[in-house]
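Chemist:
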Amino acid sequence: MCGIVGTLSFRGSVDRDLLLRQRDTMLHRGPDSDGLWISDDGRIGFGHRRLAIVDLSPGGHQPMIDGLTGAVITFNGEIYNYLELKSELSSKGHHFHTKSDTEVILVAFREWGPACLERLHGMFALALYDPRSQQVLLARDRAGEKPLFYRVTDSQLSFASEAKALLADPSCPRRVRRQSLNEYFAYGYVTGSHTMFADISRVLPGERVIVDLRDGTRRHELYWQLPTLQPKAESQSDSSIGDEVESLLRQAVRRQLAADVPVGVMLSGGVDSSLIAAIAAQVSGSRIRTFTARFPGHGSVDEGPFARMVAEHIGAEHIELETPPADADLLQALVAQYDDPISDSSMIPTYLVSREIRRHATVALGGDGGDELFGGYHRYPSQLRQQALRRQVPAFARRGMSQLGAMLIPEGARGRGLLEALAGDVGTSISNAGRLYRSDERRALSPHLQDLQAAELMAPEAIRASSMHRRTSPLQRGTAVDFTSYMVDDVLVKVDRASMLTSLEVRAPFLDIPVIEYAFGSVPDRLKATRDDRKIVLRRIGAKLLPEQLDLTRKQGFSIPVESWMRGAWQPLLESAASGSSAGLIAPEAFLSLQRLLTEGRAVGDRLYSLLFLRLWEQHYGISDVV
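Take 1 as the starting number for the sequence shown in the UniProt record's numbering and just add one per residue.
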């Protein structure tokens, strides 16, 4: 894994010293070596920080230049099918000089141009300059595992793996985009091409951006989209589908174990990471190491006993990390690392486990993606039950019950969310899933949202609902929305930033392209989730590979006892955050009201964490304005 940065100047020359500073803000992404390339005319500059994984020799050094065409690439990621591509390109007469997957991309571009992206299976973000066409290609992998930010002005386009590199330019304003703030309060993260910073954007997953250096124009194209379920899927037998899923996972794990450095497995004790660990133990050819975070005394989030059971069953060398409450210094370090705020407190155990793994390995496999691909979240059966109830209760009655519930049932208490969900249709239910604050609540959270019109306040829900139109069933809509928003803009961001802060590369076999395309294109709803079951096909595979006594219906990722920490070690931090200026992003009363609910025993830890993280983020970056 690496960090990439670059500047394309439409007028004048690249600032070499600034490019070096931007590159070295991402030392943690690539501590092994660094590189810099500036074109002869001074208009293009690429920088690179390298974490050596494949081909540890200087032959893998970047930026890398194609000696035949003069094309230049700076690349972050791993291409899992690079050996197959190398063989195909060799058969077409191309020659290679290194063992690096980076060179394979350069030669693939020489042969197929920008269409080469459709042949790459892996996680990546890249920039490639073609002197023949005077164009620069920016691109991201299909699932969005690797990030790529950019900023455009009248005179240049800059890009980087992390927004902090772009913010190292003193001319980059630290302004918040108002709708991004609204979206953060809605879901705890910002989705799509926008970021919290008004002047910084993201390349989308599965997108290529072609920049013409002659006139500065940009062309945005999606080279891949999430497939829809094929009609023939319903007629396939359960056993044949299960066998194919298992086969594809084995191929993915085998490919992703390939590295010239030690590899470990993140093990939470849930089905997804346990399956990856079990398959890795079978195909690796040597004893694997597994790692987990423990929270002794907090049984509901302490997965230690379950992870240990799995590790013993598969014969892994197992390492446990007991996790004390994160102190203020750690939270501040994570705020600085994440650039764009996300309110996912599991970033803390993800970082701590990554730090422990890095002492033993440079690469780790994880279970991310299993829930979105195979119907693993608890909300899926709940949404299916709600849909059945909607058919039985007239709409006017459902709306009345929701209004009554809003008056009688306190926020955070059981039952209120169900009544709200029943009041709308299935699209509303999916849009509201995982929502932190309703639109009326968001208006009160920040002085910067109080003048938004109702439609503007509801924009986050409307955007999410618009992404469902190509899906037929409620479950297909829900899993697709979670894949393209929650997974991309929360889960994968969390994992990338937390792991890269420790210079650890985390790979996700569930996000291997053949697995994704089969899961969405060929696995029917009946093998994902029903009204009373979920992750059905994965649990059937798990029944063959995992301990009999392991509860395969249990849902557990890396979590923290957030409410307990809020009442204890984090209380001074909360009080300090609540005393912030009324002119900031958060109204002080928002903190105080949630703190009162916390003392009453209400489940508001996630909401409080979202405000705390945003306050620390605002202070760290010195936000100047909201636009």
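From the three backbone atoms N, C-alpha and C, an ideal C-beta is built for every residue, glycine too.
Quick check: the Cα distance between histidine 448 and leucine 592, rounded to an integer number of angstroms?
Modeler: Stepping through the sequence shown from its first residue, residue 448 is reached at position 448. Stepping through the sequence shown from its first residue, residue 592 is reached at position 592. Between histidine 448 and leucine 592, the C-alpha separation is close to 19 Å.
Chemist: Within a Cβ cutoff of 8 Å, which residues of the same chain sit near methionine 309, ignoring the five residues on either side of it in sequence?
Modeler: In the sequence shown, counting from the first residue as 1, residue 309 sits at position 309. Cβ within range, chain order: Gly269, Pro547, Gln549, Leu550.
Chemist: Classify leucine 249 as buried or exposed, calling it buried when 16 or more other Cβ atoms lie within 10 Å of its own Cβ.
Modeler: On the sequence shown, residue 249 is found 249 positions in, with the first residue counted as 1. It counts as buried.
Chemist: Sort Arg596, Phe109, Gly376 by Cα distance to serine 273 and report the nearest one.
Modeler: Your numbering for residue 273 matches position 273 in the sequence shown. Minimum Cα distance to serine 273 is reached at Gly376.
Chemist: Could you tell me the alpha carbon to alpha carbon distance between leucine 545 and glutamate 372, rounded to whole angstroms?
Modeler: In the sequence shown, residue 545 corresponds to position 545, counting from 1. In the sequence shown, residue 372 corresponds to position 372, counting from 1. Approximately 21 Å, taken between the alpha carbons.
Chemist: Could you give the first and the last residue of the continuous alpha helix (DSSP H) run that contains residue 629?
Modeler: The first residue shown for the chain is 1 and the last is 627, placing residue 629 beyond what the model contains.
Chemist: If you run the structure through DSSP and keep just helix, strand and coil, what is glutamine 230?
Modeler: Numbered from 1 along the sequence shown, position 230 holds the residue referred to as residue 230. Three-state DSSP puts glutamine 230 in coil, outside helix and strand.
Chemist: Please identify the residue among Ser155, Phe124, Arg21, His28 whose C-alpha is closest to the C-alpha of alanine 508.
Modeler: On the sequence shown, position 508 is the one that residue 508 refers to. Looking at the Cα atoms, Phe124 is the closest of the given residues.
Chemist: Rounded to whole angstroms, what is the Cα-Cα separation between serine 193 and serine 201?
Modeler: The residue labelled residue 193 in the question sits at position 193 within the sequence shown. The residue labelled residue 201 in the question sits at position 201 within the sequence shown. Roughly 6 Å separates the two Cα atoms.
Chemist: Does lysine 86 pass the burial test, meaning 16 or more other C-beta atoms within 10 Å, or should it be called exposed?
Modeler: By 1-based counting over the sequence shown, the position of residue 86 is 86. The residue in question, lysine 86, is buried, as its Cβ has 16 or more Cβ neighbours within 10 Å.
Chemist: Taking Cβ to Cβ, would you say tryptophan 617 is nearer than 7 Å to valine 335?
Modeler: For the purposes of this step, residue 617 is taken as residue 617 along the sequence shown, with counting starting at 1. For the purposes of this step, residue 335 is taken as residue 335 along the sequence shown, with counting starting at 1. The answer is yes: Cβ separation under 7 Å.
Chemist: Inspect the beta-carbon positions of leucine 204 and alanine 480 and report whether they are closer than 7 Å.
Modeler: Here residue 204 is taken as the residue at index 204 of the sequence shown, counted from 1. Here residue 480 is taken as the residue at index 480 of the sequence shown, counted from 1. Going by C-beta atoms, leucine 204 is not nearer than 7 Å to alanine 480.
Chemist: Within 8 Å, do at least three Cβ pairs link the region 458-469 to the region 319-335?
Modeler: Short answer: they don't touch.
Chemist: Is the beta carbon of arginine 607 sitting closer than 7 Å to the one on leucine 436?
Modeler: Indexing the sequence shown from 1 puts residue 607 at position 607. Indexing the sequence shown from 1 puts residue 436 at position 436. Cβ atoms of arginine 607 and leucine 436: closer than 7 Å.
Chemist: Roughly how far, in whole angstroms, is the beta-carbon of glycine 434 from the beta-carbon of tyrosine 184, given that I think they are within contact range, below 8 Å?
Modeler: Taking the first residue of the sequence shown as position 1, residue 434 is located at position 434. Taking the first residue of the sequence shown as position 1, residue 184 is located at position 184. That belief does not hold up - the Cβ atoms of glycine 434 and tyrosine 184 are roughly 13 Å apart, past 8 Å.
Chemist: Can you name the residues that DSSP bridges to cysteine 116?
Modeler: Mapped onto the sequence shown, residue 116 falls at position 116. DSSP lists no partner for cysteine 116.
Chemist: Between glutamine 22 and the rest of its own chain, which residues show a CB-CB distance below 6 Å, the 5 nearest in sequence each way excluded?
Modeler: Sequence index remark: in the sequence shown, residue 22 carries index 22 (1-based). Only Val5, Ala165, Ala168 meet the Cβ criterion.
Chemist: Spatial neighbours of alanine 233 within its chain, please: CB distance less than 6 Å, with the 5 preceding and 5 following residues excluded, ordered by chain position.
Modeler: In the sequence shown, counting from the first residue as 1, residue 233 sits at position 233. Contacts found: Ser522, Pro524.
Chemist: Check threonine 25 in the structure and name its three-state DSSP category.
Modeler: By 1-based counting over the sequence shown, the position of residue 25 is 25. If DSSP states are grouped into helix, strand and coil, threonine 25 belongs with coil.
Chemist: If distances are taken between C-alpha atoms only, which option among Thr69, Met458, Val245 comes closest to isoleucine 536?
Modeler: Stepping through the sequence shown from its first residue, residue 536 is reached at position 536. Taking only the C-alpha atoms, the option nearest isoleucine 536 is Val245.
Chemist: Short check: CB of glutamate 563 to CB of glycine 605, under 7 Å?
Modeler: Walking along the sequence shown from the start, residue 563 turns up at place 563. Walking along the sequence shown from the start, residue 605 turns up at place 605. Their beta carbons are under 7 Å apart, which means glutamate 563 touches glycine 605 by this criterion.
Chemist: Would you decide whether glutamate 207 is buried or exposed? Buried here means 16 or more other CB atoms lie within 10 Å of its CB.
Modeler: Position 207 of the sequence shown, counted from the first residue, corresponds to residue 207. Looking at its Cβ environment, which holds 16 or more other Cβ atoms inside 10 Å, glutamate 207 is buried.
Chemist: Does leucine 106 come out as helix, strand or coil in the three-state DSSP assignment?
Modeler: On the sequence shown, residue 106 is found 106 positions in, with the first residue counted as 1. Looking at leucine 106 - three-state DSSP - the assignment turns out to be helix.
Chemist: Tell me whether proline 561 is buried or exposed, calling it buried when 16 or more other Cβ atoms sit within 10 Å of its Cβ.
Modeler: Along the sequence shown, one-based indexing puts residue 561 at 561. Under this definition proline 561 is a buried residue.
Chemist: If contacts are defined as beta-carbon pairs under 8 Å, then aspartate 340 and methionine 196 qualify, I think. What distance do you get, rounded to the angstrom?
Modeler: Mapped onto the sequence shown, residue 340 falls at position 340. Mapped onto the sequence shown, residue 196 falls at position 196. Confirmed, about 5 Å.
Chemist: Under three-state DSSP, which class holds phenylalanine 197?
Modeler: As a position in the sequence shown, residue 197 is number 197, starting the count at 1. Here phenylalanine 197 sits in strand by DSSP.
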